Structure formats: structure tokens, C-alpha cells
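Report on the structure given below.
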Amino acid sequence: MDDERDLEQATFAAGCFWGVEAEFRRVKGVMKTFVGYTGGDVSNPTYERVCSGTTGHAEAVRVVYDPKKVTYDQLLDIFWEIHDPTQVDRQGPDIGTNYRSAIFYHSQEQKKQAESSKDRLQKSGKFGKKPIVTEISPATDFWTAEEYHQHYYEKCGSGYCTSQKYWE
Numbered sequence: 149m150d151d152e153r154d155l156e157q158a159t160f161a162a163g164c165f166w167g168v169e170a171e172f173r174r175v176k177g178v179m180k181t182f183v184g185y186t187g188g189d190v191s192n193p194t195y196e197r198v199c200s201g202t203t204g205h206a207e208a209v210r211v212v213y214d215p216k217k218v219t220y221d222q223l224l225d226i227f228w229e230i231h232d233p234t235q236v237d238r239q240g241p242d243i244g245t246n247y248r249s250a251i252f253y254h255s256q257e258q259k260k261q262a263e264s265s266k267d268r269l270q271k272s273g274k275f276g277k278k279p280i281v282t283e284i285s286p287a288t289d290f291w292t293a294e295e296y297h298q299h300y301y302e303k304c305g306s307g308y309c310t311s312q313k314y315w316e
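Going by the numbering used here, the sequence shown wraps up at 316, each residue one higher than the last.
Dropping the structure here:
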């Protein structure tokens, strides 16, 4: 593996974190992934508390990647393809603020790229007149989810939660 000092981080929320993590783990240049909770205001949240909708957290995936092998823009393209960014607080059968669409940026450059990518997608007409509601916010504390959630599909096979284009 390349020197870890050369690696960068990205954080995405796009519904149930199991399927989102599975998609990013397949990408050449993604070195590690972690599922967890971010964007809320409670320290050390648990899955049960996050699912209650009272913590403000989103189920998210922290992606550690080698920018020499995959760019942040390429990760953004994957993010847009694996969920419906026009749905407010839901993806498929999952409903609640914890399933919101969000990009949590780690630098001003990531913020700029995320905003530009969102604008391009909105102008593309891919979603007709439906607005893209994806939140773009600074990365804050990331609380790693319980171990049984990490690499869930590898441990348990696929479940009801799948990354797919719900808008098709």
C-alpha cells in the first residue's frame, strides 16, 4: 500500500450505509472504508439512537482513497450514480433524516468540487425539474458504527438494502 500520508478521505451519505459502502469498496484506488454516523449533535451515537431520528446524524461512509488512482471527482460521480439525490430524507424503503443525501467535505477544494459537480448534474436535466437536495457540509466528528455494520455485505451477503437508481 502507498504511504498513508498520500491518502485522502471523503465522506458520503446516500441512504443505508451498507450498500453505499459496498459500492465504494469496489473502486480501484479506494484503500479503506468505514461506515458510521456524522452530521449530528450527539457524541458516540448508537445505531438505535441514529435510527430514532433524534441525533441529527446521517448514516455515512468514510472513504480512504489514493488520489493517484482515483480522483475525488470520480468518487463524486459514483456517489451521484448510486442513489437518488432528489429524495428528501429517504432512499428507497429507508425513510428518515439519517438516510439523507449528503457530501461531507474535508477541504475547501472538496467543497468546491462537490458544489460544481452538483450544479453540473442539476443542469444536465437527468432528473428533469426535480431539484437535487443533497446537503454539502463540512466534515465533522465521524463516529464509526458498530462492528457488525462494517463490510456488512461481505459478512452477510446482500440484504434488502441495495445501491440502485431508484429514479429509473
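Idealized CB from N, CA, C, for every residue including glycine.
Predicted model only: the values in this text are computed from it and were never measured.
Proximal residues to residue i (C-beta, below 8 Å), its chain only, five neighbours per side dropped
i	result
D225	S265
Assigned exposure category for residue i - 16 Cβ within 10 Å defines buried
i	result
V236	exposed
N246	buried
F165	buried
Q256	exposed
G273	exposed
T181	buried
P241	exposed
P193	buried
Three-state class that DSSP yields for residue i in the structure shown
i	result
G240	coil
V183	strand
T159	strand
V178	strand
C-beta contact flag for residue i and residue j at 8 Å
i	j	result
F290	T159	yes
A208	Y253	no
G184	G204	no
Y220	Q261	yes
Neighbourhood of residue i by C-beta distance below 7 Å, restricted to the same chain and skipping five residues each side
i	result
R248	A161, A206, D237, E283
K176	K217, V218
Y213	L155, E156, A158, G177, V178, M179, L223
Cβ neighbours of residue i in the same chain (closer than 6 Å, five flanking residues each side left out)
i	result
R197	T203
What are the uninterrupted segments assigned as alpha helix (DSSP H) that are 4 or more residues long and contained completely in the segment 192 to 230, given in chain order? 195 to 199, 220 to 229
Secondary structure, beta strand (DSSP E): runs of 3+ residues fully inside the segment 252 to 305: 283 to 286, 290 to 292
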